[in-house]
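Worksheet: one structure, shown below.
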Amino acid sequence: PRSFACADLNEDHLLDIVVANNYANQVAILFGYNNGSFILTKVYSTGYNSGPWSVTISDINNDQRLDIIVANSQSDSIAVLIGYGNENFSWTRSYSTGSDSEPYFVDVNDLNKDGLIDIVISNYGGSNVGVMMGCGNGTFTDQKTYSTRGKSQIRCNAVGDFNDDTYLDIVTANFESDSIDIFLGFGDGSFTHSATYSTGAYSGPHFVDVGDLNNDKHLDIVVVNNAGNNIVVFFGYGNGSFSNQTIYSTENDTLLVAAAFGDFNNDTQLDMVIVDAQLNSIEIFFGYGNGTFSPYTTYSIGNNSLPHGVSIKDLNNDDNLDIVVIAAYPPNLSIFLGYGNGTFFNQTAYSFSNGLAPSSLSIGNLNNDDYVDLVTTTLLGDDIRIFLGLGNGTFENVAIYSTGSVSRPTSCGILDWNKDGFQDIVVGNCRANNIILFKGYGNGTFSLEKTYVTGNASCPSSMAFGLFNDDSLVDIAVVDFNSSTVSVFLGRAYMSGERDMTYSTGSSSHPRAVALADFNKDHHLDITMMNNGLGNIGILLGDSNASFPLQRTFLTGVLSSPTAIAVDDLDNDYKLDVVIANSAEGNLRILYGYENGSFLSSKAYTTGIGSSPQSLAIGDFNNDEKVDIAVVNSGTNNVLTFVKYDLGAFRDPVFFFTGKGSSPNAISINDFNNDHQLDFIVVNKDSNSISVRLGLGNGTFSNQTIYSTGTKSSPWGVSTADVNHDKNVDIIVSNIWANNIVVFLGHGDGSFSNQISCFVDYDSGPTDTAVGDFDKDEHLDIVVVLQLIHKIAILHGYGNGSFAYKRNYSTSGDSYPMAVATVDFNKDGILDILVANYGKGNLCIFQGHTDGTFAIATSLSTGMNSGPRSVFVADLNKDSILDIAVANSAAGSVGIFFGDSDGTFSDQMPLSTGKDSAPYGISIGDFNHDSQLDIAVANYGSNTLGVFLGCNNGTFFNQLTYPTGDSSKPLAIAVTDFNSDHRLDIVVANSGTDNVGLFFGYVQEDFISAPSYPIERSSSQPTSLAVGDFDNDTRLDVVIADNSTNTIRILFGSGYGSFTHEISYSTDTDSHPCSVVVSDINNDALLDIIVANSGTNNVGLFLGNGNGTFQNQRTYFTGIHSRPNSVAVLDFNNDTYLDIAVANYGSSNIQIFLGNGNGSFSDDLIFNTGYRSYPYSLTVGDVNNDNLTDIIATNDGYGNVDIVMKTCSN
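Residue numbering for the sequence shown follows my numbering, beginning at 3 and increasing consecutively.
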C-alpha cells in the first residue's frame, strides 16, 4: 500500500478506508463498523503495471455519492471510480498525465469557484503540477501543467489561499531540488509560479501540508524532510510570501515520510503527527498555538514495519481524533484510537495479505515564555533533563537528551552561542573528555549540534562564558579536573581541522578508492577502501570514539586489481552492499552485505574482454527509481551502464517428448479446440508426422495426438489458419521430400481430418510456408519456399481447404531460400513477401500487386556466408514502421534492418549470439513488460535459448541465455502466455533430443548491461567518472575525465541506461585530468564540474549553464609538482558555501580551497599526510558524529587510511 483516504462510501454514517496498493495494481476498500473495526470488502484492479500511488475521495459528478480518484504512477494516468452509494464502484475512464510523468500525489478542490471538483496532480517524473478542471458529470478537461524549476521531482502538493485573495493556491514539495514552490491562483483554474523556498541542503522534502499554526489567520506551510531528519515550518504573512524556515529536528537516523495535522488533545491548537520509516513509529508533536510544538511522543508501528502514510479522522464517532497509518511489512493498516487528551489506545492492525542524582544545574529561559527554566545533568544517566517553569515556582520535566554513552556529564550552562536569539545548552562530559553543545529552538526543544575535545583524561568539570577577545562571539572557559588546567574555546566564524589517526591497510596494499557507510548499523560511519595491490577491499568499522580498531578484508578476486568502489543498497534488503571495479578481471563485482558489517555473497558482471574498468558511479539512469551502475573502461574506451531491470527471466524448461527419432523441426501455436486455451503443434521431420498437444489453461497439456504427413515425406515447416471459412483453425505443412503441401482441416474440437495434398514441383524441396490473401478474393492463399530449385511458389486457395499451384518466382540461382513471411511493408493494403536466402546471404522482398502477382522490390544483404535461417517482422524502434529481424545461423548473430518511411531499410545492425551458436529459429515479444519488444532465438549450435531484451530506440541489451539441454539442437521457437500469468512463455523444438522445451516466464530483477557508448578516439584513456543531470531533462548524464586526450567528455543520457551523444571540453595541454566530481559550486541550482589536472598541477572548474553546456575552465594552482590525483566537494568552514578538497599525490598533502559561493575560491588550507605518503583518493563525511565534515584519504605510499577531522566553528 502507498496511500489511503477515508470517507463514508456506503452512506451508513461510518467511515470507510480506500487504499492504493502499488505493487498489486489495485484499489482496496475496507468498510467500517461502528466499533472502529474494518473489513476488506472490495478490490478494483487499476490495470497491469499501473502502479497506483495516491488516492483521494470526492463527489466528482454531483450525484451526491462519493467517487474515487487514483494517480497511477507507472501508467502515467489519473483514473476515476464512480460510486453508487451502495459499496459498488465502476471505472469510467482514465486521463493521461503525460509520458514519463509519474503522478505521485493527487488532490481535489474547487479551484475556479464553479462549484465543481477539480484535480491537482504532483507529477514526480515530469517535475510539474498538473491541473484538470471538472466538468460536473464525472469527466475532466485535459491536464494543464505548471513546471517547477529544473529537476525537482515533486513528491506531494497541498492547496490553500496563501495571499488572502479568496483564490486557491498550490504548494509543492520538491524532493530532488530541496525546496518548495508556490503557485498563486487567479481563480479561473490557472496559476503562476510565485516563489521558491529552500528546505535545506540535502533535505529531501517528502510531504507538505498547510494550516494556521500560530493563530494569526494566515496559512502556514509544514514540510517533512525525508533526508534531513526534520520538520520545517514556513510561517505565512498573508500576502503569498513566507518566513524563512523554522526547523524541528527528530532523532538521527530517522526517515520522515509523511505528516498530518489535528487537535489530538482538544486544546484548540493544531498538533502534528509524523511517520518515521526508519524507526518504524509515529511521532506526535503537540502545538502551542504560536507556531511551536512540544517534544514528540512516539508510538511503535512494529519492528521493520516501514510505515509510510498517515491520515487523521474520528473513526469511532467519539468526537476524538484517531490516527491511521499504512505500513509495508507486512502490508497493513494500523489504527490508534484517541482518548482526546493527546494519548492513544494500543495499535489495532488490519492486514491485506501474506534513581539518578543530578550532578549540575543551570538556570535560564529556554522557551521564551518569561518563566525561569532549569537544566540538570545526571552523571550516571549520561543525559541532561529539561524542567520548564510554570511561573508559580513549580516545574515540569519535559525532556531528556543523551550526552553520549558513558559520557558522565558533570557541568552545564545556558547561553545563546550561535546568536540566533534562542538559548542553547553546553555540557561538560568528564568521562568523554569533551564539551557538547545542544542547539535551542526557542520552544524548550534542543538538538545535539557540536562536540569539542578537551584533551585526553582531562575531565571538564566546570565552565564559564564571556567575550574574551571582543569579537562579539561567545567564548567558553572550561576547568579540566584531572589535568589541572583551564581550557579556553574561542568562538570562531571560520573552520579549522587537524590530522587525526592513520590506519594501516596492509603491506603493499596500495589503497586507492575509499567510501564511507554504516555497514553494521551501529550509527557510526565505517570506512571501506579498495586495496589494489592485495586484490581485496578493507572495512574499518567505526566506534563511538570515532576510532576504527578493527579491519576486515574481503577478496575481490585473484589478481583482480580493483580500481574503484561504491556503496549502496543494491538489492533492496535494507543492507548496504559494495560494488567494485576489477580492472584485471574486466568485471564489476558486487558484495552483498549482511547487517553485522560482513558480506553474504558476491556476484560478478563482465565489462568485456580487455575492458580494464577504471571508475564507477551509482545513479538511476532510466528513471525507474532503482539503483543502476555506470562504469568507464579504459581498455575498450567505452562507458557501460548496468541497469537494475526486470530480466523477463525464464524457469528451467518443462519437456514434452515427441517420440524416439522424431526430430522435431518446427512449431506453431493456436487454439485448435476453441476453448480459449492455447495449444501447440510440432512438426516431426524424421517420424513423418505432426503432433498436437491441447492446452489445459494452467501451463499443462494433453497427451499428444499424432497425424501422419505421409511415408518419407519429411515435413519441414508449418502454418496455421482457417483456410475453409468454418471458423476452425487448420494446419498447413510443407513436406521437403514429398514435394508437396498438405492441409489438415480442423474440426474445432482439437481433432483434424486426413490430409489434403497439393503437389508443388518435382525435386523442389518445399521448406517453409506463410498464409495470406494475395489476390483479394477473400480466400487465403499460400506462399511456399522451394529450397532446392531456388524459388517461391504461390498456391491459390479456393476457400474450401483445397489449393492449386498458380505461379512461381525465382529467388536467384544458388539462393537456397529457407524462410518466408507475409506482411504489407509499403502500407498499400496489399501483402508483400519476405524471403530469407540461406545461400546468397540476403533477404528478398517481393512487392505485391492488386492482381495477386509479385515482383522483387528490394534485396538486403545479411553478410557473406551469414546463412539467414528465419525471419520475423515487427516495429522494433517504435516509429510505426515495420522492421525485420533475421537469425543468421552461420554468422552467429541476429540481424536487424530498420524500416524507413520511404519503404527502404537501414543497413543490418548485428547482435551477436555467440561463437558457434548457430541461431535457427527467431520470435519477438515483450518478455519483461517494459513496452519494448524483445527478441528470442533458438541457438542450434550452443544448445541454448537466447533472449535480447529491448532497450530503447531499437537498441538491445546483451544476450541472456538459457540451456535447452545437452545435444538438444533447438531448431524452432514460438512465444505466447500459456499459463495466463501475464508473462510470455517460450516453447522450443529440440531436434537432437526429440522433445519440446517449454520455458515459463517470470519476474526476476538483476543488473544487465545496456548498450555501451564508445569513446571514438583510439588514444583515449578514461580514468574517472561522475554523474548528474547537466541539461535538466530529468535524465542522468555522465562526465568522464580523459587522461590521455586532456579533455572531459560529457555523455548525455537517453533515460534508458544508454547514451545519445557527447560533447567535450579541453582541460589544457598536458593537463592529464585524473579525477572528476559534480556539484553546484556557485549556488545557481545548476550542476558544475570539478576536475583534478595532474599534469598541470591545478584544479579545473567548469560552471554549468543548465542546458548541457559549460563555461570555459577556471583553474586553481595546487603547487609545484603537486600532481593532484583526487578531488571532493564539501562545506569545510560551515559558511554554506561549497569548498574543494584535493589529494595532492606529488606533494603528499590534502589541500582545501575555500569557496565564496559564486564559483570563485579564496584562501586555501593544507594538511600534510606524511613524507612520500602519496594520497591517492578522497571521500568526505562525519566520522565522529560531531555534525562536522571530516576528510578521509587513502595513502598509496604508506598503505594506510588518513583522517582529517575535529574541525570546529563558532
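Glycine included, C-beta positions come from ideal geometry on N, C-alpha and C.
DSSP puts residue i in a beta bridge; with which residues?
i	result
C846	V837, S861
E1007	D648
N640	N635, P1016
G1106	F1112
N672	D681
D371	In DSSP, D371 forms no bridge with anything.
K315	D324
D1039	G1030
P972	N992
I1092	V1079, L1103
I284	V277, Y301
I438	V429, T453
I611	For I611, which the question treats as bridged, DSSP gives no partner whatsoever.
E627	None, per the DSSP bridge assignment.
K44	I31
Note down, in chain order, each residue of its chain lying with its Cβ closer than 7 Å to the Cβ of residue i, except the 5 sequence neighbours on either side.
i	result
D983	none
N726	D732, L747, G801, N802, G803
A1130	V1079, A1143, L1180, T1181, V1182
C846	T813, V837, N839, I858, S861
R809	I796
With respect to the beta strand (DSSP E) encompassing residue i, which residues constitute its N-terminal and C-terminal limits?
i	result
V277	273–278
Q553	552–557
D987	987–992
L947	946–950
D936	936–941
F263	258–264
A203	Counting along the chain, A203 falls outside any beta strand (DSSP E), and DSSP gives it neither H nor E.
G595	589–595
G897	895–899
S1	Absent from the model: residue 1. The displayed extent of the chain is 3 to 1212, so no value can be given.
L913	911–914
G1183	1177–1183
Q28	28–34
T1049	1049–1055
Using C-beta distances below 6 Å, list every residue in its chain close to residue i, excluding the 5 sequence neighbours before and after it, in chain order.
i	result
Y442	Per the sequence shown, the amino acid found at residue 442 is Gly instead of Tyr. The residues are F424, Q425, D426, F448.
V656	L1000
N676	G750
N241	N165
T300	S283, E285
S1077	S1026, A1094, S1128, V1129
S863	N844
R554	I541
Can you confirm whether residue i, when its beta carbon is compared against all beta carbons of chain B, has any partner nearer than 7 Å?
i	result
A1130	This model lacks chain B altogether; it includes just one protein chain.
Residues in its own chain within less than 8 Å of residue i by CB, not counting five upstream and five downstream?
i	result
T1245	The structure shown does not extend to residue 1245, since the chain is modelled only from 3 through 1212, so no value can be given for it.
(Q) Under 8 Å, with one C-beta from each stretch per pair, do the stretch 82–95 and the stretch 53–72 reach the 3-pair mark? (A) These segments touch.
Q) Counting pairs of beta carbons, one from the stretch 567–577 and one from the stretch 542–555, are three or more of them closer than 8 Å? A) Contact fails: fewer than three Cβ-Cβ distances are below 8 Å.
Q: Please determine if the stretch 622–637 and the stretch 1075–1092 are in contact, where contact requires at least 3 C-beta pairs separated by less than 8 Å.
A: No, the stretch 622–637 does not touch the stretch 1075–1092.
**Q.** Every unbroken beta strand (DSSP E) within the stretch 691–772, with a cutoff of 3 residues, ordered by chain
**A.** Taken in chain order, the unbroken stretches of beta strand (DSSP E) that lie wholly in the stretch 691–772 and span 3 residues or more are 691–695, 707–710, 717–723, 732–737, 742–746, 758–761.
Q) Does the stretch 992–999 come close enough to the stretch 969–981 that 3 or more CB-CB pairs lie under 8 Å? A) They touch, by the three-pair rule.
Q.
In chain order, what are the residue ranges of uninterrupted alpha helix (DSSP H) at least 4 long that sit wholly in the stretch 104–139?
A. Not a single unbroken stretch of the alpha helix (DSSP H) spanning 4 or more residues falls wholly within the stretch 104–139.
(Q) Check whether the stretch 97–111 and the stretch 129–148 touch, using three or more Cβ-Cβ pairs below 8 Å as the test. (A) The answer is yes - the stretch 129–148 touches the stretch 97–111, with three or more Cβ pairs under 8 Å.
Q) Does the count of Cβ pairs from the stretch 157–164 and the stretch 202–216 closer than 8 Å reach three? A) Yes: at least three Cβ pairs fall under 8 Å.
Q: Could you say if the stretch 248–261 and the stretch 302–315 meet the contact criterion of at least three C-beta pairs nearer than 8 Å?
A: Yes, since at least three Cβ pairs between the stretch 248–261 and the stretch 302–315 fall closer than 8 Å, the two stretches touch.
Q) Do three or more CB pairs link the stretch 581–590 to the stretch 603–610 at distances below 8 Å? A) Verdict: yes, contact present.
Q. Counting Cβ pairs, one atom from each stretch, are 3 or more of them under 8 Å apart for the stretch 1005–1014 and the stretch 1025–1040?
A. Too few Cβ pairs lie closer than 8 Å, so no.
Q) Would the stretch 817–835 and the stretch 767–774 be scored as touching if the rule is three or more Cβ pairs under 8 Å? A) Contact between the stretch 817–835 and the stretch 767–774 is present, because at least three Cβ pairs lie under 8 Å.
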